[in-house]
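Trainee:
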Amino acid sequence: MTVTTAAAPAPDVVPDDEPRILDPGLARTDRVFHNVARAIGVFVLVLTGSIGLFLGYQAIPTLRRYGLSFFTESQWEPERDVIGISSVLLGTLEVALVALVVAFPLALALALYISEYAPPKLKSTCVSLVDLMAAVPSIVYGLWGFFLLQPNVIFLSRWLSQHLAFLPIFKVDTDPNAAVWAQSRYTASAFIAGLAVAMMVLPLACAVMRGVFAAAPIGEREAAFALGATRWGMIRSVVLPFGRGGIIGGTMLGLGRALGETVAVLLIISPAFDIKFHILEVGTQTTSALIAGRFGEATASQLSALLTAGFVLFVITLGVNTVAAVFVGRSRSGASTEI
Amino acid sequence: MATITEPPNVAPPSLAAPVEPPRERPRAIRTRTLDELSSLVGSLAGSLALVWLVFERILAWSGTLGFLVCWYVAFLALFAAVTAMSNPRPVVVDRLASATVHVAALIVAVALGSTLLYTMWQGIPALLHLNFFSQDMSGIRPTDPLTQGGVLHAIVGTLIEVAIAVAISLPLGIGTAVYMTEVDGGLSRTVRTVVEAMTALPDILAGLFIYTTLIVAFGFPRTGLAAALALAVTMIPIIARSAEVVLRVVPGGLREAGLALGASQWATVRRVVLPTAKAGLATALILGMARAVGETAPVLIASGASTFLNFNPVEDPMNSLPLFIYTAVRSGEPEAISRGFGAATLLLGLVLVLFVVTRFLARQKVGRR
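Residue numbers (my numbering), protein chains in the order written: chain A, 2 to 340; chain B, 38 to 406.
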């Protein structure tokens, strides 16, 4: 269907038609606003980007000097010119994995509790408590882990090493069945540090998961109930599939946090540069704890080596967070919110 | 969503005399039936008795943790068995899932509660001394009794450092968020990517960055300002990202309404978008602040511990509460640990106050709108 317009009789002289400008351009205030906003954006871009670039740039001389052995060497002895981060990276991963294994089920269950099980009156209190948990400084969790958890958890560690020692990760190089057992062999381990870090991972992961669960479409929930599903049936068929992205993303965000945690770990572990998979045993080392412990007496080249270790850590957390963002972003739909 | 109402039944028209359909009752979802309640209580009591008998009397094991775990396992088994006697399988699974979720929530509550209460309990001895708030630690050895020395220098240091960090990072963070959401352009995507990436920066690297550039390369001394800058570097991405999420949730219709009324974009942002998102922005700020207040590693690297009161952020190191706690606890002396816990209680109190104030502000603003 064509739209016909009433054609005016053609005038004799056709003036050059100038199309009317539909876009009036920006008002002056808006031009200022745009420029200021852009300036701030660019400044932050340059500032934050330069940190990443700076770390990468600092890593070059170290990597050139030590080559691949930087990643395979386990000792950190600058005075002997032996520097490597394999044991440190392993320790970082162990602590983070312990934290995840503990925090993930708890975070999932807590998120389900808040979004599905909690009485409506209690819900906002629970959300505030989780936020508060996220706001508690990491040093406080460090104190909790060191003074309250450690004296109690060594019994659990011993029990695990008594009964599960056939798995190498639960092995401890001492006789767990001795009448007077060596308690100090079970302290300051990656396991205990991981438990403290789990307290920091948990609220982060839980907040993301709860947000996604709460956004599960109400129509489908009601449909599940209308078909006679129990509450768990509804959760399994509606909430969990809908929130899968948030579950994975939230967990990975937590992993990113766990990898970079410094002071709680520094407080709990006793440094040891061995490659070992015995998470219950005394002594381990993480990248950030290494940096915090060594930067003070570092010379310029050692500082560069520490920065390289930091850079490797940053690249790992960056990768983890990017994957997490992809998962979380899939289930986030804020942009399409309408009134 | 407490109940589901079903549509009224329509009687089939073929019947000669329409039969009155039985009244439909909405299905109750949240209430517990007597069966569920009694099996729950019964299983709890029964498993407790059983485990006590086996654990304490017959096997003579020990340990509270082991007892609780055994009780929980026995409870689950008993609860499942009792439920299965008179219910189909889905109900059994439902009740087990419910029990598991509730216990997990309880575990987290206990962990959080024990963290807060233990810290405060241990902190009481130090907090009872008035000099703890009014003195610094200059000339005080870690072994000196609690009647000497205090954490005034750390309190002042924390407040000054965080204030500087907020003053730097709040405008930059929210400005970046506004740029990312309100101003179009190819660059805003790059900014978003980089800012999101930098939230992954471990806090210690922010400190190491400031240390290597400002202090080692440019030769500035280690000061409170350097620590504040390191804190700001960690805060900017956090604030920017959480503020962006909040701004993006502001309904597009509100913006269009503002623009349709002839307001400039700046006026729309200032009078419509930002006020609408105020509660969320306050949360973004508090997330950043709470993070900065508790941050130890950047201060440790960029400023370093000190024992004396210092109001000047551009001269001499400045201590902060988390750093004070760390150094005090590391010394291993009972008095120093006691001081550390006192400082930790103060720090928790500070975080709590920040938390409550922001919640209150956010709620008030929403109510007035």
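For each residue, glycine too, the CB sits at the ideal point set by N, CA and C.
Using beta-carbon positions only, say whether B:Ile252 and B:Val270 come within less than 9 angstroms of one another.
Mentor: no
Trainee: Given this structure, state the Cα-to-Cα distance separating A:Asp132 from B:Gly331, to the nearest angstrom.
Mentor: 14 angstroms
Trainee: Run through chain B and tell me which residues come within less than 7 angstroms of A:Asp31, C-beta to C-beta.
Mentor: Ser301, Gln302 and Trp303
Trainee: Is A:Val173 helix, strand or coil when you go by DSSP?
Mentor: coil
Trainee: In chain order, what residues of the same chain have a beta carbon less than 8 angstroms from the beta carbon of A:Asp18, not counting five sequence neighbours either side?
Mentor: For A:Asp18, where only same-chain residues beyond five positions count, there are no Cβ hits under 8 angstroms.
Trainee: Quick one: does A:Leu113 have its CB under 9 angstroms from some CB of chain B?
Mentor: At least one beta carbon of chain B lies nearer than 9 angstroms to the beta carbon of A:Leu113.
Trainee: Against chain B, does A:Glu262 count as a neighbour if the rule is that its beta carbon must be under 9 angstroms from one of theirs?
Mentor: yes
Trainee: Pull up the CB-CB distance for B:Ala214 and A:Gly53, whole angstroms please, since I reckon it's below 8 angstroms.
Mentor: Not really, about 20 angstroms apart at Cβ, beyond 8 angstroms.
Trainee: Check for me: the alpha helix (DSSP H) holding A:His35 runs from which residue to which?
Mentor: Where A:His35 is concerned, the enclosing alpha helix (DSSP H) starts and stops at Arg29 to Tyr67.
Trainee: When you compare each of A:Trp182, A:Ile317 and A:Ala326 to A:Ile249 by their alpha carbons, which one comes out closest?
Mentor: A:Ala326
Trainee: In this structure, does DSSP put A:Ser271 in helix, strand or coil?
Mentor: coil
Trainee: Please name the residues in the stretch 49-70 of chain A whose beta-carbon is closer than 8 angstroms to at least one beta-carbon of chain B, in chain order.
Mentor: Taking a C-beta cut-off of 8 angstroms against chain B, the contacting residues of the stretch 49-70 of chain A are Thr49, Gly50, Ile52, Gly53, Phe55, Leu56 and Gln59, listed in chain order.
Trainee: Can you list, in chain order, the residues of the stretch 217-240 of chain B whose Cβ is nearer than 8 angstroms to any Cβ on chain A?
Mentor: Taking 8 angstroms as the Cβ-Cβ cut-off against chain A, the residues of the stretch 217-240 of chain B that qualify are Met217, Glu219, Val220, Gly222, Leu224, Ser225, Thr227, Val228, Val231, Val232, Glu233, Ala234, Met235, Thr236, Ala237, Leu238, Pro239 and Asp240.
Trainee: On the DSSP bridge assignment, give the partners of A:Ser289 in chain order.
Mentor: A:Ser289 pairs with nothing; no bridge assigned.
Trainee: Could you tell me the boundaries of the alpha helix (DSSP H) in which B:Ile201 lies?
Mentor: Leu189 to Glu219
Trainee: With a threshold of 9 angstroms between beta-carbons, can A:Ile249 be considered close to chain B, or not?
Mentor: no
Trainee: In chain order, what residues of the same chain have a beta carbon less than 8 angstroms from the beta carbon of A:Leu144, not counting five sequence neighbours either side?
Mentor: For A:Leu144, where only same-chain residues beyond five positions count, the Cβ hits under 8 angstroms are Leu268.
Trainee: Would you kindly work out how many angstroms separate the C-alpha atoms of A:Ile115 and B:Gly79, rounded to a whole number?
Mentor: A:Ile115 and B:Gly79 have their alpha carbons spaced roughly 26 angstroms apart.
Trainee: Nearest to B:Phe211 by alpha carbon, out of A:Ser87, A:Ala38, A:Leu314 and A:Leu107?
Mentor: A quick correction: the sequence has Ile, not Phe, at residue 211 of chain B. Per the Cα distances, A:Ala38.
Trainee: In chain order, what residues of the same chain lie with their CB nearer than 6 angstroms to the CB of A:Val324, ignoring the 5 residues before and after it?
Mentor: So the qualifying residues of the chain are Met253.
Trainee: Does the Cβ-Cβ distance between A:Phe296 and A:Leu56 come in under 9 angstroms?
Mentor: No; because the gap between Cβ atoms is not below 9 angstroms, this pair is not in contact.
Trainee: Nearest-angstrom Cα distance between B:Ser279 and A:Val45?
Mentor: 15 angstroms
Trainee: Since B:Val310 contacts B:Glu370 with CB under 8 angstroms, what's their CB separation in whole angstroms?
Mentor: Contact doesn't hold; Cβ gap of about 54 angstroms is too wide.
Trainee: Within its chain, find whatever has a CB closer than 7 angstroms to the CB of A:Val173; leave out the 5 residues flanking it on each side and keep chain order.
Mentor: Closer than 7 angstroms at the Cβ level, and outside the excluded window around A:Val173, lie Ser162, Arg186, Tyr187, His279, Leu281 and Glu282.
Trainee: Which same chain residues, not among the five before or five after B:Val228, have their C-beta less than 8 angstroms away from its C-beta?
Mentor: Thr213, Tyr216 and Met217
Trainee: Does the beta carbon of A:Gly143 sit closer than 9 angstroms to a beta carbon anywhere in chain B?
Mentor: Closer than 9 angstroms: yes.
Trainee: Please identify the residue among A:Leu319, A:Thr318 and A:Leu291 whose C-alpha is closest to the C-alpha of A:Ala306.
Mentor: A:Leu291
Trainee: Are the stretch 303-320 of chain B and the stretch 281-295 of chain B in contact at 8 angstroms, needing three or more beta carbon pairs?
Mentor: yes
Trainee: Of all Cβ atoms in chain A, is any one closer than 9 angstroms to the Cβ of B:Arg178?
Mentor: no
Trainee: Measuring alpha carbon to alpha carbon, tell me which residue in A:Gly195, A:Pro218 and A:Gly50 is nearest A:Thr263.
Mentor: Between A:Thr263 and the set A:Gly195, A:Pro218 and A:Gly50, the nearest pair of CA atoms involves A:Gly195.
Trainee: Which whole-angstrom value is the C-beta distance of A:Gln59 and A:Thr309, which I expect to be below 8 angstroms?
Mentor: 7 angstroms
Trainee: Give the DSSP-derived three-state secondary structure of A:Ile84 in the structure shown.
Mentor: strand
Trainee: Just the C-alpha distance for A:Arg32 and B:Ala321, rounded to the nearest angstrom, thanks.
Mentor: In a straight line, the C-alpha of A:Arg32 is about 27 angstroms away from that of B:Ala321.
Trainee: Closer than 7 angstroms by beta-carbon distance: list the chain A residues that pair up with B:Ala136, in chain order.
Mentor: Within 7 angstroms Cβ-Cβ: nothing; B:Ala136 doesn't reach chain A, min ~10 angstroms.
Trainee: Please list, in chain order, all residues of the same chain as B:Leu115 whose beta carbon is under 6 angstroms from its beta carbon, the five residues on each side excluded.
Mentor: Ser80, Gly83 and Ser84
Trainee: When DSSP labels each residue in this structure, what does A:Ser190 get in the three-state scheme?
Mentor: strand
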